[in-house]
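Undergrad:
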């Protein structure tokens with residue numbers, strides 16, 4: 002297993018930016034935030050921002066090009082996580098769920114099934130599908146613990 006020396010962030014809708022910055026600075030690890038447009042972040046040499054543009058999947062493609070063993074990508078995008086895991090990188094969602102070689106296939110299959118079922122479910126619920134629970138303090142704590150665990154691997 003390769004020690005983590007780079008954090009890549011799918012930053013457009015990432016709710017844990019401050020936690021990532023805090024962890025990167027504490028551990029002296031480069032963090033690159035990738036988004037469609039420029040985001041204002043902490044001014045520090047370890048914290049970088051890359052505006053990928055608004056072309057479909059531009060941010061995902063930019064992240065996937067850089068992901069490698071020794072990197073961890075923070076993303077809620079299951080298909081991007083699949084690309085990262087296949088490239089040998091670690092992938093973690095903002096709620097603290099790590100995507101692994103073992104889990105990613107089932108996760109993608111589940112996502113695809115829900116994508117197929119959603120139109121019918123929306124019709125039954127009047128478009129008010131249940132979706133995910135709101136992001137809260139427990140999610141934030143789970144994320145910090147999971148990222149700390151990943152960054153502690155040697």
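In this note's numbering, the protein residues as written are 2 to 155.
Don't be surprised by glycine CBs; every beta carbon is placed ideally from N, CA and C.
These numbers were taken from a predicted model, which means no experiment stands behind them.
Tell me the DSSP secondary structure of residue 144 in three-state form.
TA: As a working mapping, residue 144 is identified with position 143 in the chain shown. Of the three classes helix, strand and coil, the one that applies to residue 144 here is helix, per DSSP.
Undergrad: Give the straight-line distance between the Cα atoms of residue 39 and residue 26, rounded to the nearest whole angstrom.
TA: Here the question's residue 39 lines up with position 38 in the chain shown. Here the question's residue 26 lines up with position 25 in the chain shown. Their Cα atoms are separated by approximately 21 angstroms.
Undergrad: On a CA-only basis, which of 31, 82, 11 is nearest residue 59? Give me that one, please.
TA: Taking the first residue of the chain shown as 1, we reach residue 59 at position 58. Checking every option, the nearest Cα to that of residue 59 belongs to 11.
Undergrad: So the alpha helix (DSSP H) residue 155 belongs to, where does it begin and stop?
TA: The residue labelled residue 155 in the question sits at position 154 within the chain shown. First-last for residue 155: undefined, no H or E at that position.
Undergrad: Just confirm the distance between the C-beta atoms of residue 22 and residue 48, as a whole number of angstroms; I'd bet it's less than 8 angstroms.
TA: Within the chain shown, numbered from 1, the residue matching residue 22 stands at position 21. Within the chain shown, numbered from 1, the residue matching residue 48 stands at position 47. About 6 angstroms separates the two Cβ atoms, so the contact holds.
Undergrad: Given that a residue counts as buried once 16 or more other Cβ atoms are within 10 Å of its Cβ, and exposed if not, what is residue 94?
TA: As a first step, residue 94 is located in the chain shown; it is residue number 93 there, counting from the start. Counting Cβ neighbours within 10 Å, residue 94 comes out buried, since at least 16 surround it.
Undergrad: Which runs of the beta strand (DSSP E), 3 residues or longer, sit entirely within the stretch 5 to 59?
TA: 7 to 11, 31 to 36, 48 to 52, all fully within the stretch 5 to 59.
Undergrad: Cutting at 8 angstroms between CB atoms, please list the residues of its own chain near residue 67, excluding the five before and the five after it.
TA: For the purposes of this step, residue 67 is taken as residue 66 along the chain shown, with counting starting at 1. Closer than 8 angstroms at Cβ, skipping near neighbours: 7, 9, 33.
Undergrad: In this structure, how does DSSP classify residue 63 when only helix, strand and coil are distinguished?
TA: Reading the chain shown from its first residue, position 62 is the one you call residue 63. Helix, per DSSP.
Undergrad: Compute the minimum distance between the beta carbon of residue 73 and the heavy atoms of the ligand ADP, and state whether it is under 8 angstroms.
TA: Ligands in the displayed structure: none, and consequently the ligand ADP is not present.
Undergrad: DSSP three-state call for residue 92: helix, strand or coil?
TA: The residue you call residue 92 lines up with position 91 of the chain shown. If DSSP states are grouped into helix, strand and coil, residue 92 belongs with the strands.
Undergrad: In terms of residue numbering, what span does the beta strand (DSSP E) encompassing residue 76 cover?
TA: The count along the chain shown starts at 1 and reaches residue 76 at position 75. Neither: residue 76 is in no beta strand (DSSP E) and is coded neither H nor E.
Undergrad: By how many angstroms is the C-alpha of residue 41 removed from the C-alpha of residue 5?
TA: The residue labelled residue 5 in the question sits at position 4 within the chain shown. The residue labelled residue 41 in the question sits at position 40 within the chain shown. Going from the Cα of residue 5 to the Cα of residue 41 covers about 25 angstroms.
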